[in-house]
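S.K.:
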């Protein structure tokens, strides 16, 4: 057993040092200029180049490789002091020790100096120490040619623990300070961690075994308001990320691959985009254990969309995202929604429940900072739980560890230090109580659109390989292996109180505008037919879906909606009513001619309707037309109620379902016809007048003689 772990530990040291030093050396060499000070003028004074991932009784040699900026001064005037501390037993101490400017609270085990030397890659320091559990222990005699072994005069660090019972396994802080000779004020300092593992005990002292680590990695470029493709730099970042994951295939991770990014890679010419997509597909195999998480078309906040009655848009987002990924021969897995980039609280729990139903998710990942306290237990909470959402809804949930997640971006100028600190924090969670009987697990993930600094993933993924204290799992494996209520932890947790998704940039007014836009788009696309129409309306739908991105604030969302509206109006403007001028009726009943114009490259069904209080329409006032030529005429029979010079007739052009008005126009009709009713009334009036005149004349004649 000890020989096997010696081989693994030495292999870990050799591969890690070779990979990381090669990477950093190449970076440093590319930055070398004749004036060496110019290279370091803006660079860090002290960085971590490489370190041993962990040590064991069979391979107790701990190596640190450091880089020193030439702006610190000449090598002869510098030295590095390394201070080793006792094991960390408290999560708050671990957080403090991870702070570059803080001093660990633990007791000092030993400290010693290491010289700064000049190399082809600039100033550097290499320190190697022999790590022993107590004064009785001795380092094993390495075989000839064993790499990573400290020189004979290397210092020894005594941990002060009892070997052979699992009590030595833990995380030990190591502070590194750069000093001028004779000066006690450090030019720079940081804290890294030594991890001591006893393989025979690390994963078996408790039946729970090693800590399950669910790593979620985003493969995504930030979406734009238009349909512009990601930049060449964004494409290279995505290609490099996939390449690094591919280099460590066999380590189970969960990939949150944005469909837009994947589609762009798959169709890119030049570069390794199509190859990167094929690598994604290969990582999905059971042998590699990676899981591709189902994703919406653009990043969305389901709670904010459901809060403005846009649950149908959530379903459209998921369908479009799934379709794009499957077009690239990928097979996303649904059922789990990652809400760590969205505001989640008790105030929007009901909206979140409705949004999750639209995504068809029964499991949820949330920030641990959004949850109420897990109880009096001072251990890191490392179990799933039931999360109530609203009156009757509930989901199985797990919280990410925000303290560990912060290390993804903690030291952008020293990424290898951040990666090693992240690994040490994970190992600390395991060692803080490795005697637990049920499996424990944590979920970690960087922020959205994270671009790993060079070397970060190399250290992280390699540190998860063959690690006795850590077992990488995908999300499905995490929820299968780590049980709710395990180790006496609470079965149910609750969201903190707080405001709803006010910061999402989604308001009721914008929600109504999006819904109206969707209804109009659905109506117009349903009236069109043919392949060109499908392409045009798919593009418009994609533009509308982009307006829902949770990365937009209110102003950006309004601007995105304006882009969509402009494009939709351009398509709608391809259909119009011809100017008919003035129409003359010479009889009481006559047809009204209408001409509909279309420059659309696809057939469209429309409905023409007439409306007027001066006319009736014996055969109905509307006609359904198929516009498959530039001009489509139609004649609608009308009967005038009266004659006149300027009789108005309204013309409306709509989609067949009546949802969308495409165009309106007003016609003027001049009617010279005489109505029979009018003639009859005129004759009757004349007759009445004639009778009245005759009677008046007769009365006048009778009165004449009497007067005489």
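Numbering (this note's numbering), first residue to last: 38 to 745. Ideal Cβ positions, reconstructed from N, Cα and C, are used throughout, including at glycine.
Tell me which residues share the same chain as residue 455 and place their Cβ nearer than 6 angstroms to its Cβ, disregarding the 5 neighbours each side in the sequence.
M.R.: Counting from 1 along the chain shown, the entry for residue 455 is found at position 418. These residues qualify, in order along the chain: 444, 447 and 448.
S.K.: How far does the beta strand (DSSP E) with residue 696 in it extend, from its first residue to its last?
M.R.: Along the chain shown, read from residue 1 onward, the residue named residue 696 stands at position 659. In the DSSP annotation of this structure, residue 696 is not part of any beta strand (DSSP E), being labelled neither H nor E.
S.K.: Excluding the 5 residues flanking residue 565 on each side, which residues of the same chain have their C-beta closer than 6 angstroms to its C-beta?
M.R.: In the chain shown, the residue the question calls residue 565 occupies position 528. These residues qualify, in order along the chain: 639 and 641.
S.K.: Pull up the distance between the alpha-carbon of residue 402 and that of residue 374, whole angstroms please.
M.R.: Reading the chain shown from its first residue, position 365 is the one you call residue 402. Reading the chain shown from its first residue, position 337 is the one you call residue 374. C-alpha separation (whole angstroms): 6 angstroms.
S.K.: For residue 472, count neighbouring C-beta atoms within 10 Å of its own C-beta (all shown protein chains included) and say buried if the count is 16 or more, exposed if not.
M.R.: Taking the chain shown and counting its residues from 1, the one referred to as residue 472 is at position 435. Counting Cβ neighbours within 10 Å, residue 472 comes out exposed, since fewer than 16 surround it.
S.K.: With a threshold of 8 angstroms on Cβ separation, who are the neighbours of residue 222 within its own chain once the five nearest residues in sequence on each side are excluded?
M.R.: Taking the first residue of the chain shown as 1, we reach residue 222 at position 185. Around residue 222: 216.
S.K.: From which residue to which residue does the alpha helix (DSSP H) around residue 374 run?
M.R.: Here the question's residue 374 lines up with position 337 in the chain shown. Note, residue 374: premise wrong, no alpha helix (DSSP H); beta strand (DSSP E) at 373–375.
S.K.: Closest Cβ-Cβ distance between residue 501 and chain D: below 8 angstroms?
M.R.: The chain labelled as chain D is not found in the depicted structure, where only one protein chain is given.
S.K.: Applying the 10 Å Cβ sphere with the 16-neighbour rule, what's the burial state of residue 136?
M.R.: Here residue 136 is taken as the residue at index 99 of the chain shown, counted from 1. Flag for residue 136 reads exposed.
S.K.: According to DSSP, what are the bridge partners of residue 118?
M.R.: Here residue 118 refers to the residue found at position 81 when the chain shown is read from its first residue. The partner list for residue 118 (beta bridge, DSSP) reads 150 and 214.
S.K.: Using the C-alpha atoms, what's the distance from residue 365 back to residue 134?
M.R.: Start at 1 with the first residue of the chain shown, and residue 134 comes out as number 97. Start at 1 with the first residue of the chain shown, and residue 365 comes out as number 328. Whole-angstrom Cα-Cα distance: 45 angstroms.
S.K.: For residue 237, which of 210, 224, 200 and 260 has the nearest alpha-carbon?
M.R.: As a working mapping, residue 237 is identified with position 200 in the chain shown. Nearest C-alpha to residue 237 among 210, 224, 200 and 260: 200.
S.K.: Does residue 326 pass the burial test, meaning 16 or more other C-beta atoms within 10 Å, or should it be called exposed?
M.R.: Locating residue 326 in the chain shown gives position 289, counting from the first residue. Per the 10 Å Cβ criterion, buried.
S.K.: Count the other C-beta atoms from every protein chain shown that fall within 10 angstroms of the C-beta of residue 438, then say buried if there are 16 or more, exposed otherwise.
M.R.: Here residue 438 is taken as the residue at index 401 of the chain shown, counted from 1. Result: buried.
S.K.: On the DSSP bridge list, what partners appear for residue 230?
M.R.: The residue labelled residue 230 in the question sits at position 193 within the chain shown. 210, per the DSSP bridge assignment.
S.K.: Measure the alpha-carbon distance for residue 288 versus residue 263 and round it to whole angstroms.
M.R.: Numbered from its first residue, the chain shown carries residue 288 at position 251. Numbered from its first residue, the chain shown carries residue 263 at position 226. Answer to the nearest angstrom: the Cα atoms are 37 angstroms apart.
S.K.: Along the chain, where does the beta strand (DSSP E) containing residue 361 start, and where does it finish?
M.R.: Here residue 361 refers to the residue found at position 324 of the chain shown. Residue 361 -> not in any beta strand (DSSP E); alpha helix (DSSP H) instead, spanning 348–364.
S.K.: DSSP has residue 164 in a bridge; who is on the other side?
M.R.: Mapped onto the chain shown, residue 164 falls at position 127. Paired residues: 101.
S.K.: So what does DSSP say about residue 299, is it helix, strand or coil?
M.R.: For the purposes of this step, residue 299 is identified with residue 262 of the chain shown, where counting begins at 1. In the structure shown, residue 299 sits in a helix (DSSP, three-state: H, G or I).
S.K.: Could you spell out where the beta strand (DSSP E) holding residue 457 opens and where it closes?
M.R.: The sequence position of residue 457 within the chain shown is 420, counting from 1. First-last for residue 457: 452–468, but that is the alpha helix (DSSP H), not the beta strand (DSSP E).
S.K.: Expressed to the nearest angstrom, what Euclidean distance is found between the alpha-carbon atoms of residue 520 and residue 434?
M.R.: Here the question's residue 520 lines up with position 483 in the chain shown. Here the question's residue 434 lines up with position 397 in the chain shown. Taking the straight line from one Cα to the other gives about 11 angstroms.
S.K.: In the DSSP assignment, find the beta strand (DSSP E) that holds residue 599 and state where it starts and stops.
M.R.: Residue 599 sits at position 562 when you count from the first residue of the chain shown. Looking at the DSSP string, residue 599 is not in any beta strand (DSSP E); the run it does join, the alpha helix (DSSP H), is 591–609.
S.K.: Should residue 302 be listed as close to the ligand FAD, given that the test is whether its C-beta is under 7 angstroms from any heavy atom?
M.R.: The ligand FAD is absent from the structure shown, which contains no ligand whatsoever.
S.K.: Buried or exposed for residue 596, please, with buried defined as at least 16 other CB atoms from any protein chain shown within 10 angstroms of its CB.
M.R.: For this step, residue 596 is matched to residue 559 along the chain shown. Under this definition residue 596 is an exposed residue.
S.K.: Would you tell me roughly how many angstroms separate the C-alpha atoms of residue 91 and residue 251, rounded to the nearest one?
M.R.: One-based indexing of the chain shown puts residue 91 at position 54. One-based indexing of the chain shown puts residue 251 at position 214. Going by the C-alpha atoms only, they are around 20 angstroms apart.
S.K.: Would you mind working out which of 636, 624 and 616 sits nearest residue 630, comparing C-alpha positions?
M.R.: The residue labelled residue 630 in the question sits at position 593 within the chain shown. Per the Cα distances, 616.
S.K.: What's the gap between the Cα of residue 422 and the Cα of residue 523?
M.R.: Residue numbering aside, residue 422 sits at position 385 when the chain shown is read from its first letter. Residue numbering aside, residue 523 sits at position 486 when the chain shown is read from its first letter. Near 9 angstroms, if we compare the C-alpha coordinates of residue 523 and residue 422.
S.K.: Who does residue 432 pair with in a DSSP beta bridge?
M.R.: Counted from its first residue, the chain shown places residue 432 at position 395. Bridge partners of residue 432: 424.
S.K.: For the alpha helix (DSSP H) that residue 281 lies in, which residues bound it at each end?
M.R.: Numbered from its first residue, the chain shown carries residue 281 at position 244. Run containing residue 281: 269–284, per the alpha helix (DSSP H) assignment.
S.K.: Buried or exposed: residue 187, going by 16 or more other Cβ atoms within 10 Å of its Cβ?
M.R.: Here the question's residue 187 lines up with position 150 in the chain shown. It counts as buried.
S.K.: Look at residue 321 and residue 367 and say whether their C-beta atoms are less than 8 angstroms apart.
M.R.: In the chain shown, counting from the first residue as 1, residue 321 sits at position 284. In the chain shown, counting from the first residue as 1, residue 367 sits at position 330. Going by C-beta atoms, residue 321 is nearer than 8 angstroms to residue 367.
S.K.: Can you tell me which residues form a DSSP beta bridge with residue 663?
M.R.: Taking the chain shown and counting its residues from 1, one reaches residue 663 at position 626. For residue 663, which the question treats as bridged, DSSP gives the partners 642.
S.K.: Quick check on DSSP: helix, strand or coil for residue 314?
M.R.: Stepping through the chain shown from its first residue, residue 314 is reached at position 277. Helix at residue 314.
S.K.: Starting from residue 688, follow its DSSP beta bridges and name the residues at the other end.
M.R.: By 1-based counting over the chain shown, the position of residue 688 is 651. For residue 688, the pairing in a beta bridge is given by DSSP as 647 and 702.
S.K.: Which whole-angstrom value describes the C-beta separation of residue 116 and residue 153, a residue pair presumed to lie in contact below a C-beta threshold of 8 angstroms?
M.R.: For the purposes of this step, residue 116 is taken as the residue at position 79 of the chain shown. For the purposes of this step, residue 153 is taken as the residue at position 116 of the chain shown. Going by Cβ atoms, the distance from residue 116 to residue 153 rounds to 6 angstroms, so yes, they are a contact pair.
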